[in-house]
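Colleague:
Protein chains in written order, with UniProt numbering: chain A, 1 to 388; chain B, 1 to 163.
1) Strictly under 8 Å for the Cβ-Cβ distance: is residue 47 of chain B near chain A by that measure?
2) Considering just the uninterrupted stretch of the alpha helix (DSSP H) at residue 92 of chain B, what are its terminal residues?
3) Alpha carbon to alpha carbon, how far is residue 181 of chain A from residue 2 of chain B? Give it in angstroms, no decimals.
4) Output needed for residue 365 of chain A: all residues of its chain with C-beta closer than 7 Å, excluding positions within five of it in sequence on either side, in chain order.
5) Just to confirm my understanding: we take residue 73 of chain A, look at its own chain, exclude 5 residues before and 5 after, and list those with CB closer than 7 Å. What are they?
6) In chain order, which continuous runs of the alpha helix (DSSP H) of length 4 or greater are located wholly inside the region 58 to 114 of chain A?
7) Inspect the CB distances between the region 252 to 264 of chain A and the region 205 to 222 of chain A and report whether three or more fall short of 8 Å.
8) Against chain A, with Cβ distances strictly below 8 Å, would residue 140 of chain B count as a contact?
9) Extract the residue ranges of the beta strand (DSSP E) inside the region 216 to 291 of chain A, only unbroken runs of 3 or more that lie entirely within it.
10) Which term fits residue 105 of chain A, buried or exposed, when burial requires 16 or more other beta carbons within 10 angstroms of its beta carbon?
11) Measuring only the C-alpha atoms, how far is residue 132 of chain B from residue 113 of chain B?
12) Between B/49, B/154, B/43, which has its C-alpha nearest residue 26 of chain B's C-alpha?
13) Could you tell me whether any Cβ in chain A is nearer than 8 Å to the Cβ of residue 24 of chain B?
14) Going straight from the alpha carbon of residue 269 of chain A to that of residue 121 of chain B, what length do you get?
15) Ordered along the chain, which non-local residues of its own chain (more than five positions away) have a Cβ less than 7 Å from that of residue 191 of chain A?
16) So that I know if they touch, is there some Cβ in chain A lying closer than 8 Å to that of residue 44 of chain B?
17) If you drop the 5 nearest sequence neighbours on each side, which residues of the same chain put their C-beta closer than 7 Å to that of residue 267 of chain A?
18) Check whether the Cβ of residue 148 of chain A lies closer than 8 Å to any Cβ atom in chain B.
19) Would you say residue 38 of chain B lies against chain A (beta-carbon separation less than 8 Å)?
20) Name the chain D residues that come within less than 8 Å of residue 6 of chain B, Cβ to Cβ?
21) When the distance is taken between beta carbons, is residue 333 of chain A closer than 8 Å to residue 360 of chain A?
22) So, for residue 91 of chain B: in the same chain, excluding its five sequence neighbours on each side, which residues have a beta-carbon less than 7 Å away from its beta-carbon?
23) Quick check: residue 343 of chain A and residue 225 of chain A, are their CB atoms within less than 8 Å of each other?
24) Is the beta carbon of residue 153 of chain A less than 8 Å from the beta carbon of residue 78 of chain A?
25) For residue 119 of chain B, report the span of its beta strand (DSSP E) as first-last.
26) Which residue's Cα is closest to the Cα of residue 148 of chain B: B/137, B/108, B/54?
27) Ignoring anything shorter than 4 residues or poking outside the region 133 to 178 of chain A, list the alpha helix (DSSP H) runs there in chain order.
28) Out of A/150, A/199, A/138, point me to the one whose CA is closest to residue 6 of chain B's CA.
29) Nearest by alpha-carbon distance to residue 8 of chain B: which of A/89, A/196, A/216 is it?
30) Helix, strand or coil for residue 356 of chain A per DSSP?
31) Residues of chain A with a CB under 9 Å from the CB of residue 149 of chain B: which are they?
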């Protein structure tokens, strides 16, 4: 086959395969992320489909996938939601960080990773999957529950923390000393604050600039602007992902709804390719040896996430069953853990890949199952019914 | 009566109402326009039960039944949120050429691109009026559209534009 034919056939088979996996995941009520990861591990040399021709395309698409994931993450939360979550649930965000990042860091050091790799693993264990959790709450009919605002606020704070953590990680991975790291963090904090404040005052102007009657125009302008900012951020030594996140944050809520609708399919396509590329770059043989470590880490951080949700829900005056629902709902890790691990892998810390893959595979599946199971069980913790 | 409002980041807003009869009603209004209506578990008051899910158009239908008078307020809010879309209230004055004719005869949508979303008649509101609805002097039309479209509509309704 000539080059073009081979490329098209490989990509065609890839997308058809992803479609089947998505169907299977939906049937089981789970996230497609772990399924895609497993399938991607089976690809590559010696796999079912070698995908040798598509590899350069996959690599480029993976970068765009991360940019679009972070852009839509920024679009997801309006500045007012961020401010109100911060005011009300800042302590929960701190508890989340203190409980869930250190296990990852310690495990990284115990596994013999350099401290930069351990830092990446801390991020992997810290960030819950807002995609999986938000969908789960909707599917289980828990949106009206009293613990739900606390759960969603923890997710918002984590996503905001991502904007600060990613630049920190990028600086650390680049091999800079403490001074460079401090400067990197200061720059990141400054940029996020400036963008949030500017979005409050002038966001509507940016919205007007991008708005057009024609969906195609909106898509081209938005993707163009985002890739430009992401590229410039990358060139300045920050991360492309952070630049994209800031663009998402800066857009006004009125425009964000339309932007999400237009970008949704594009984001899903490229994000799927990102997961494929990540699994593709990970050696399946390397996962088995670290699987026990991943299991232990998953067990520990399941407990710490339950603690986080418990704490956050208790602050809202929720009783024990609700605290358990909140805690278990937060257990799932997914897309952003892989984004963090992907950053580490592309800078040469390939050892982060297998442990992060194993870890996400376990928790993206057990998290949703756990919170389903705990719902009927937690009824035992209820006080005796009062006669009314 | 106290209607408690809680922000659900990324999802929408939850409203909670303790009725005088002692029941607690929860309504989640989602950003995409859908809604969920729930009653809380008596034993576990944090847990929503009897979840009732409404698609955006179903939520609109229920809202229309319960809250037609709130329509004008909602459109004012809408115009603040969507850049380029504005709303306006246009009285049908005594001398207006359309007093006594039907809404369809204004040909508002064809000629100005504006949608008439309600007719306010004293304390009554006719939501989503149809072309056959009669207009009377003193009525106020609530319309949404672009700012130029609304200007044209204003001129047309007051008779300053030949029809």
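Ideal Cβ positions, reconstructed from N, Cα and C, are used throughout, including at glycine. Keep in mind the model is a prediction, meaning the values are calculated, not measured.
Modeller: So, from the listed chains and residues:
1) For residue 47 of chain B, a Cβ of chain A is located within less than 8 Å of the residue's own Cβ.
2) From DSSP, residue 92 of chain B is part of no alpha helix (DSSP H); its letter is neither H nor E.
3) 50 Å
4) 30, 34
5) 159, 245, 248
6) 79 to 110
7) yes
8) no
9) Annotation: the region 216 to 291 of chain A contains no complete segment of the beta strand (DSSP E) (minimum length 3 residues).
10) buried
11) 18 Å
12) Ranking B/49, B/154, B/43 by Cα distance to residue 26 of chain B puts B/49 first.
13) no
14) 51 Å
15) Hits under 7 Å: 246.
16) yes
17) Taken in chain order, the residues that qualify are 68, 69, 72.
18) Closer than 8 Å: yes.
19) yes
20) Reference to chain D is not applicable here, since the protein chains of this structure are A and B.
21) yes
22) The residues are 140.
23) no
24) no
25) 115 to 121
26) Comparing Cα-Cα distances from residue 148 of chain B to each of B/137, B/108, B/54, the minimum goes to B/108.
27) Entirely contained in the region 133 to 178 of chain A, the alpha helix (DSSP H) runs reaching 4 residues are, in chain order, 148 to 173.
28) A/150
29) A/89
30) helix
31) Using a Cβ-Cβ cut-off of 9 Å, residue 149 of chain B is close to nothing in chain A; its nearest Cβ partner there is about 13 Å away.
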